[in-house]
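Residue numbering for the sequence shown follows my numbering, beginning at 14 and increasing consecutively.
Even for Gly, the Cβ is constructed at its ideal location relative to N, Cα and C.
These notes concern the structure reproduced below.
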Amino acid sequence: MAASQTSQTVASHVPFADLCSTLERIQKSKGRAEKIRHFKAFLDSWRKFHDALHKNQKDVTDSFYPAMRLILPHLERERMAYGIKEIMLAKLYVELLNLPRDGKDALKLLNYRTPTGTRGDAGDFAMIAYFVLKPRCLQKGSLSIKQVNDILDSIASNNSAKRKDLMKKSVLQLITQSSALEQKWLIRMIVKDLKLGFSQHTIFSVFHRDAAELHNVTTDLEKVCRQLHDPSVGLSDISITLFSAFKPMLAAIADIERIEKDMKHQSFYIETKLDGERMQMHKDGDVYRYFSRNGYNYEDQFGASPQEGSLTPFIHNAFRTDVLNCILDGEMMAYNPNTQTFMQKGNKFDIKRMVEDSELQTCYCVFDVLMVNDKKLGHETLRKRFEILNSVFTPVPGRIEIVQKTQAHTKKEVIDALNEAIDKREEGIMVKHPLSIYKPDKRGEGWLKIKPEYVSGLMDELDILIVGGYWGKGARGGMMSHFLCAVAEKPASGEKPSVFHTLCRVGSGYTMKELYDLGLKLAKHWKPFHRKAPPSNILCGTEKPEVYIEPCNSVIVQVKATEIVPSDMYKTGCTLRFPRIEKIREDKEWYECTSLEDLEQLRGKACGKLASKHLYVSGDDEPQEKKRKAAPKMKKVIGIIEHLKAPNLSNVNRVSTVFEDVEFCVMSGTSNHPKPDLENRIAELGGYIVQNPGPDTYCVIAGSDNIRVKNIISSDKHDVVKPEWLLECFRTRSCVPWQPHFMIHMCPSTKQHFAQEYDQYGDSYFVDTDLHQLKEVFSGIKNAGEQTPGEMSPVIADLEHRYSWASMPLSMFRHHTVYLDLYAVINDLSTRIKGARLAITALELRFHGAQVVSYLAEGVSHVIVGEDQSRVADLKAIRRTLKRKFKILQERWVTVSIDKCELQEENQYLV
14 MAASQTSQTV ASHVPFADLC STLERIQKSK GRAEKIRHFK AFLDSWRKFH DALHKNQKDV
74 TDSFYPAMRL ILPHLERERM AYGIKEIMLA KLYVELLNLP RDGKDALKLL NYRTPTGTRG
134 DAGDFAMIAY FVLKPRCLQK GSLSIKQVND ILDSIASNNS AKRKDLMKKS VLQLITQSSA
194 LEQKWLIRMI VKDLKLGFSQ HTIFSVFHRD AAELHNVTTD LEKVCRQLHD PSVGLSDISI
254 TLFSAFKPML AAIADIERIE KDMKHQSFYI ETKLDGERMQ MHKDGDVYRY FSRNGYNYED
314 QFGASPQEGS LTPFIHNAFR TDVLNCILDG EMMAYNPNTQ TFMQKGNKFD IKRMVEDSEL
374 QTCYCVFDVL MVNDKKLGHE TLRKRFEILN SVFTPVPGRI EIVQKTQAHT KKEVIDALNE
434 AIDKREEGIM VKHPLSIYKP DKRGEGWLKI KPEYVSGLMD ELDILIVGGY WGKGARGGMM
494 SHFLCAVAEK PASGEKPSVF HTLCRVGSGY TMKELYDLGL KLAKHWKPFH RKAPPSNILC
554 GTEKPEVYIE PCNSVIVQVK ATEIVPSDMY KTGCTLRFPR IEKIREDKEW YECTSLEDLE
614 QLRGKACGKL ASKHLYVSGD DEPQEKKRKA APKMKKVIGI IEHLKAPNLS NVNRVSTVFE
674 DVEFCVMSGT SNHPKPDLEN RIAELGGYIV QNPGPDTYCV IAGSDNIRVK NIISSDKHDV
734 VKPEWLLECF RTRSCVPWQP HFMIHMCPST KQHFAQEYDQ YGDSYFVDTD LHQLKEVFSG
794 IKNAGEQTPG EMSPVIADLE HRYSWASMPL SMFRHHTVYL DLYAVINDLS TRIKGARLAI
854 TALELRFHGA QVVSYLAEGV SHVIVGEDQS RVADLKAIRR TLKRKFKILQ ERWVTVSIDK
914 CELQEENQYL V
């Protein structure tokens, strides 16, 4: 029985060839719409077949997952870890196809990145393999999607068990039962790069509107496909859950000059940016799980219980006794108990492989909490979450600590914190808005990061020489994509260096045009690198290039990196962490590169950190590099209508810096405070005035409605504020926080911020109100008499759900729209009594949350009948005419549900 049910899956019936032909059409399609059309056609046919196959079955777990995991293989890293790269596949093909080792086809496969000057497929192993396999393979394969998944799972499990012989056997099975086209796509699935020109987000959005969001909080592709199989059924609650890895919230790179504006000119938090491994911890009693940023489970390393692992035994007793379960987000760090300092990730250790008796110890530095005792906290503000975090556990130094937050208000405080981080050899700082909510897989959204390498002028840069190269693949196929760089041995006085020591491999920082131009410049000088006979003037470690270049024919590149770290891969015994090419030094000759001596000085200067300079702001004692002022350009004089002219503010005396460097656009003022008056007052407080709002405009001030204001509102790019807010700022000589009554229009980010601060009527969640504000709030609430029960019900239901009142007895009928059959004409006393009883039932339904209607129409969910059931046939006739079919129930269903304080099963009361 189980075996027959297993075969009853769509994947066991759909040929793998059908999926490959679909992927081929998607890849060849030029427009996004056409790609979507091909994918949707395959998906729709799968769903139709699924419905036909499982028509009479209940609780079907079959889904689109077997196909989806092949379309998005990079999301299945743990399940599909094959340990196979292109070179290994090339060797397997040469062996399994019995190709002559020095033959043309074998060399094509083994040297797939080397340009041949023919087809232009250099770097695309799957395409090269396709043309080698085409004359040697079946015209059409015989494998189903299920069989392909089974074989790939076998490869992954044998790779995990280090059974190379069984891996080869599985690959041979794929080769002998697949066409060349199918193997092209199999190769891409194995190397996890399908090159569809089609994003993961697009695939999710076509599959189901909730798919991307559900994957962000579960990182479980199978769960996404199973729960969202029906595109018409959405999920009411998509949130982080216990023991389900989620994609963590990320920080965007900050622009220090805009930091105050990005933080909405409000106070914010500064944290130390830790240089460890991002890790989330899920705890339920004695059961622990640790998930990395990519969703890997490290419970074996850190400890699934208090009796095992490098961390859990040391932190289990730190949790408060009333904390039954929780989800924490933080950074896993290596702590040296002797020096009582955290180690940087660039040093020679791997936090994920540290053992219990290591000289270093694992320490979990927590900066966020997402759940405590089943209460989900993702939609709470960061300020509230931090308060809760401090009540979850008692920190244990060197084992589990809370990342402390410093409250700040100004750009100068940010710069001071960054300089302090540089002095402490830390990675950088984080800046977070206290009102930000936690958004899985979102970057920014109130979280910013600042590292010294992001700020111009703070890093020591190295001028190093390109001595080797590596052929690219994919978009960089046919050209050098990475370069091996070196420093020079210092020669005798007056001579040019003759020996070079390799330092690092670099492959980022340049544009495709810069890479192409560099490739053209060096193309004719590349020579094959022979490991058995390497050039005597280029000394390598274990890292060898594919080709090399004589130093005298090469160029110097200026490289920026975070630090110099130990490494035996390069001759210098060290390498650069996160190196990127800043520019090609056309102004320097090849022999003027950094020397070994210079490298050692930099290495000792700041414990290897290449950030040792401070950032300064105007007014500091240290000199700043003078900014070059652009020469003023002559402008044509064009006439402007008088009321649109920019005001002449040259005679305005600044009396305050409240609005220093803040840009305003005043469209109109009020009768008592016209536009020029407001502009003069803004200038007095240090602000700037523009006549048309731009990307740096803080807000638009509008005292009246006109076509320009309407256009700004329709663009949805700017906040439009009443002049009353400015007048309040002038009166208090301070930047008064915006409140709902000041706002004419809010751009999306401001709207989102207000949603966290105020309810729909403008009443603050956090600030105490006064009589005047309360009257203002009430004036904005629609009178209860004007609101129908239909309008009020969703509002109440939302409140009940938000505050967990939905399970209370008084809410048991909240989502029901009920009609009671009081139609019968009451002639005698007994029927009057029965009718009165039904009327009382109607009142009880209302009291317990139902919406009771006086006539039958579309949208009614239940009809209640009393003892007189003479009209049931008529009611059923009406039901047949409606799209939504209501249930006809006995009155006892209501009375028994109320007596037992919970909704009763409806089937036993059906009429």
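What number of angstroms, rounded off, separates the C-alpha of residue i from the C-alpha of residue j?
i: residue 180; j: residue 59; result: 30 Å
i: residue 55; j: residue 32; result: 8 Å
i: residue 436; j: residue 582; result: 29 Å
i: residue 644; j: residue 710; result: Its pLDDT being 35, under 50, residue 644 is placed unreliably in this model, and the value from its coordinates should be taken loosely. Cα to Cα, the separation comes out at about 25 Å.
i: residue 545; j: residue 552; result: 13 Å
i: residue 73; j: residue 339; result: 32 Å
i: residue 912; j: residue 398; result: 40 Å
i: residue 921; j: residue 898; result: 18 Å
i: residue 677; j: residue 703; result: 6 Å
i: residue 500; j: residue 53; result: 54 Å
i: residue 308; j: residue 317; result: 16 Å
i: residue 234; j: residue 750; result: 43 Å
i: residue 207; j: residue 24; result: 20 Å
i: residue 26; j: residue 63; result: 10 Å
i: residue 185; j: residue 453; result: 41 Å
i: residue 423; j: residue 734; result: 24 Å
i: residue 596; j: residue 621; result: 22 Å
i: residue 508; j: residue 493; result: 31 Å
i: residue 680; j: residue 674; result: 19 Å
i: residue 763; j: residue 732; result: 8 Å
i: residue 668; j: residue 786; result: 31 Å
i: residue 575; j: residue 390; result: 35 Å
i: residue 890; j: residue 239; result: 38 Å
Check whether the Cβ atoms of residue i and residue j lie closer than 8 Å to each other.
i: residue 286; j: residue 442; result: yes
i: residue 161; j: residue 118; result: no
i: residue 572; j: residue 594; result: yes
i: residue 683; j: residue 753; result: no
i: residue 355; j: residue 345; result: no
i: residue 468; j: residue 269; result: yes
i: residue 482; j: residue 497; result: yes
i: residue 183; j: residue 150; result: no
i: residue 201; j: residue 139; result: yes
i: residue 769; j: residue 448; result: yes
i: residue 490; j: residue 210; result: no
i: residue 281; j: residue 342; result: no
i: residue 350; j: residue 374; result: yes
i: residue 714; j: residue 739; result: yes
With residue i and residue j assumed to form a contact (beta carbons below 8 Å), what rounded beta-carbon distance in angstroms separates them?
i: residue 259; j: residue 293; result: 7 Å
i: residue 301; j: residue 325; result: 5 Å
i: residue 406; j: residue 291; result: Incorrect: roughly 19 Å between the Cβ atoms, too far for contact.
i: residue 776; j: residue 790; result: 5 Å
i: residue 671; j: residue 746; result: 6 Å
i: residue 904; j: residue 873; result: So it is not a contact: roughly 16 Å between Cβ atoms.
i: residue 623; j: residue 473; result: 5 Å
i: residue 606; j: residue 478; result: 4 Å
i: residue 627; j: residue 432; result: 5 Å
Let me know if residue i comes out buried or exposed under the rule of 16 or more other beta-carbons within 10 Å of its beta-carbon.
i: residue 376; result: buried
i: residue 261; result: buried
i: residue 229; result: buried
i: residue 639; result: For residue 639, the predicted structure reports a pLDDT of 40, less than 50, and the residue's modelled location is therefore unreliable. A value from the coordinates is still provided. Residue 639 comes out exposed.
i: residue 89; result: buried
i: residue 323; result: buried
i: residue 266; result: exposed
i: residue 705; result: exposed
i: residue 171; result: buried
May I ask you to verify whether the segment 209 to 223 touches the segment 76 to 87, counting CB pairs closer than 8 Å and requiring at least 3?
Yes, since at least three Cβ pairs between the segment 209 to 223 and the segment 76 to 87 fall closer than 8 Å, the two stretches touch.
Sufficient close CB pairs (3 or more, under 8 Å) joining the segment 382 to 399 to the segment 242 to 262
The segment 382 to 399, when compared against the segment 242 to 262, does touch it at the 8 Å Cβ threshold.
Contact between the segment 459 to 479 and the segment 401 to 421 is defined here as three or more beta-carbon pairs at a separation below 8 Å; is this criterion met?
When Cβ pairs closer than 8 Å are counted between the two stretches, the segment 459 to 479 is seen not to touch the segment 401 to 421, the count staying below three.
Do the segment 561 to 570 and the segment 522 to 541 make contact, defined as three or more Cβ pairs closer than 8 Å?
Contact holds between the segment 561 to 570 and the segment 522 to 541, because three or more Cβ pairs, one in each stretch, are under 8 Å apart.
Within 8 Å, do at least three Cβ pairs link the segment 153 to 168 to the segment 517 to 535?
Pairwise C-beta distances place the segment 517 to 535 out of contact with the segment 153 to 168, as fewer than three of them are shorter than 8 Å.
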